[in-house]
Amino acid sequence: MIEFRPLNNLSIHLDRLIKGRLWLKVIIGLVLGAGVGIILNPSTGLLSENISLRLADWLDLPGQIFMRLVQMIMIPLIFASIITGIVSNSSENLKNFGLRLFLYFIFTTIIAIMIGLVVTLILKPGQYIFKLGGFPNSGESEIIPNEQTNLIENIPNTISNLIPNNPLESILTGEMLGVVIFTIIIGVAITQLRQETASPIIRFSEAIQKICMIVVSWAMMLVPYAVFGLIAALLSRTSVGIFLGLGYYMFVVILGLIILLVFYLVLALVVTKKNPFKFLKAIREPQLLAFSTASSAAVMPLSMKTADEKLGVSSNISDFVIPVGATINMDGTALFQCVTTLFMAQAYGIELSIMSLLLITFTVVAASIGTPAIPGGGVIILASVLQSAGIPIDGLIIIIGIDRILGMFRSAVNVTGDLTACIVFDKFYAAKSK
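According to our numbering, the residues represented by the sequence shown are 14 to 447, in order.
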């Protein structure tokens, strides 16, 4: 028998970050970064605009290094994690809940988008920006009906394109959905091999996981400095007035995320009869680490350990659900993309029809599944959502500035969604997986 050690054993690399209260260091970094950024802003008259911009580039450096390290290691980590999660399950177990897990993720993503639609349509955060003159090129763009029609007509092609014809191209371009589907197919195929043939592949996957977690632990050490630098650079480049003017939009996003979090707690209570407060207490550590790093992929080992040891989930369930969930279950990101799309439409004074809202819903579902589980991943994919709805992407430059703050909140919610999925599927499939 192959001695298989699941990914949750690698959480030892993240334990010192929890004990060192990384989340508290991040909050201190945010506050200090905001203060330094305001001082360095040319509007204070202390520094010239040229010097301020040069200092901002240097302040950005730790954040850029952190993001590149996580991006560099994400695909091999996801690849190895999904393969080991699949191999640790029987093929019968995968047949039992593989498709149901995917449908469950689609269901929760649609719920997240509905919450985003309702909150944004009621509170109208973009109206305030529009009254102040809107974003650049406001009112110059219209929704393009042909793009909507073509998107709907191309649904069959979109579905067939989910299977990458060139996996290497998907890896090189960072198309996470293609990478995930390719990895799942390879993982299922490995389960059909004889033990002696599969053994080297499994050991190789274990080695890749360990290497990835060492690199992730290195990247984590930069997080407080990265947050400090990113916020300081943001406020040194933009006026405090613009930053505060987007406060209402940030409030709407965070409110939507809180409602989504409540939905998870209700789901856990109704389906698994778990006390919501005990559930929240049990998952506090992965939530705080996800908040600190703004990456749900980076905290996978800790999420698995929490699911197994504190939630009592079968390791066969968590080893499969969490790596897949970290790449395709992006409910917090989907809500953010929905709110931001409607916010941008309101800021540009674009009226959206019911058909346009349905189109946005469909596009956000598809886009959130393929969103990289890295800092800034949501904004990268958001551009395609805006283009499909005919909304100018010029205003994204402002959203990118505050995305780091919102990214911390939605990553914590994404991790909560993955852990909720674990206890839901453990309720029905734990006995079958043993």
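By construction, the Cβ of each residue, glycine as well, lies at the ideal position given by its N, Cα and C atoms.
Please read all numbers here as calculations on a predicted model, not as lab measurements.
Determine, using beta carbons only, whether residue i and residue j come nearer to each other than 9 Å.
{"i": "A339", "j": "I91", "result": "yes"}
{"i": "L136", "j": "V265", "result": "yes"}
{"i": "T346", "j": "I404", "result": "no"}
{"i": "I79", "j": "V236", "result": "Reading off the sequence, residue 79 comes out as Phe, not Ile. A contact, by the Cβ cut-off of 9 Å."}
{"i": "L125", "j": "C351", "result": "Per the sequence shown, residue 125 should be read as Ala rather than Leu. In contact: A125 and C351 (Cβ atoms closer than 9 Å)."}
{"i": "I51", "j": "L243", "result": "no"}
{"i": "N54", "j": "S65", "result": "yes"}
{"i": "L82", "j": "V229", "result": "yes"}
{"i": "A425", "j": "L278", "result": "no"}
{"i": "V337", "j": "V437", "result": "no"}
{"i": "V49", "j": "F241", "result": "yes"}
{"i": "A320", "j": "C435", "result": "yes"}
{"i": "I224", "j": "I215", "result": "no"}
Quick test of your reading: residue i and residue j, contact by CB under 8 Å. State the CB separation rounded to the nearest angstrom.
{"i": "I197", "j": "I88", "result": "Not really, about 14 Å apart at Cβ, beyond 8 Å."}
{"i": "A307", "j": "G129", "result": "The pair is not a contact, with the Cβ atoms about 19 Å apart (cut-off 8 Å)."}
{"i": "P289", "j": "A281", "result": "6 Å"}
{"i": "Y442", "j": "F110", "result": "5 Å"}
{"i": "L324", "j": "L432", "result": "7 Å"}
{"i": "I184", "j": "V192", "result": "6 Å"}
Taking its Cβ as the centre, do 16 or more other Cβ atoms sit within 10 Å of residue i, making it buried, or is it exposed?
{"i": "A220", "result": "exposed"}
{"i": "I415", "result": "buried"}
{"i": "D439", "result": "buried"}
{"i": "W36", "result": "buried"}
{"i": "G139", "result": "buried"}
{"i": "P213", "result": "exposed"}
{"i": "N427", "result": "buried"}
{"i": "N342", "result": "buried"}
{"i": "T57", "result": "exposed"}
{"i": "T210", "result": "exposed"}
{"i": "L399", "result": "buried"}
{"i": "G46", "result": "buried"}
{"i": "R207", "result": "exposed"}
{"i": "L395", "result": "buried"}
{"i": "L181", "result": "exposed"}
{"i": "L118", "result": "According to the sequence provided, residue 118 is Phe. The question's Leu does not apply to it. Burial call: buried."}
{"i": "Q222", "result": "buried"}
{"i": "G260", "result": "exposed"}
{"i": "R34", "result": "exposed"}
{"i": "P158", "result": "Because the pLDDT of P158 is 40, which lies under 50, any placement of that residue in the model is unreliable, and the question is left without a value."}
{"i": "L59", "result": "exposed"}
{"i": "S218", "result": "buried"}
{"i": "K287", "result": "buried"}
Sort the options by Cα distance to residue i and report the nearest one.
{"i": "S305", "options": "P177, Y238, I412", "result": "Y238"}
{"i": "L112", "options": "G48, L395, A358, V334", "result": "V334"}
{"i": "I199", "options": "P177, Y262, E209", "result": "P177"}
{"i": "L133", "options": "F375, Q359, A434", "result": "As written in the sequence, residue 133 is Thr, which differs from the Leu given in the question. Answer by Cα proximity: Q359."}
{"i": "T374", "options": "L348, E364, I363, Y361", "result": "L348"}
{"i": "D332", "options": "I341, P314, L206, G191", "result": "P314"}
{"i": "M317", "options": "T429, R417, I184", "result": "T429"}
{"i": "I227", "options": "C435, I86, L395, R250", "result": "I86"}
{"i": "G13", "options": "R207, V279, G48, L43", "result": "Past the boundaries of the shown model lies residue 13; the chain is included only from 14 to 447, so the question cannot be answered."}
{"i": "Y262", "options": "K287, D344, F356, V240", "result": "F356"}
{"i": "E322", "options": "E298, S183, Y117, Y361", "result": "E298"}
{"i": "Y141", "options": "G362, I203, F217, A245", "result": "G362"}
{"i": "R423", "options": "I406, L409, S309, I412", "result": "S309"}
{"i": "W231", "options": "A402, S173, A311", "result": "A311"}
{"i": "M233", "options": "I406, N63, Q84", "result": "Q84"}
{"i": "F276", "options": "R250, D344, A402", "result": "D344"}
{"i": "I418", "options": "R250, N63, I267, V201", "result": "I267"}
Would you check whether the ligand NAD has a heavy atom nearer than 8 Å to the C-beta of residue i?
{"i": "S173", "result": "No copy of the ligand NAD appears in this structure; indeed no ligand is present at all."}
Worksheet item: Does the pairing of the segment 311 to 330 with the segment 361 to 370 give three or more beta-carbon distances under 8 Å?
Response: no
Discussion item. Between the segment 265 to 278 and the segment 67 to 74, can you find at least three pairs of beta-carbon atoms closer than 8 Å?
Written reply: no
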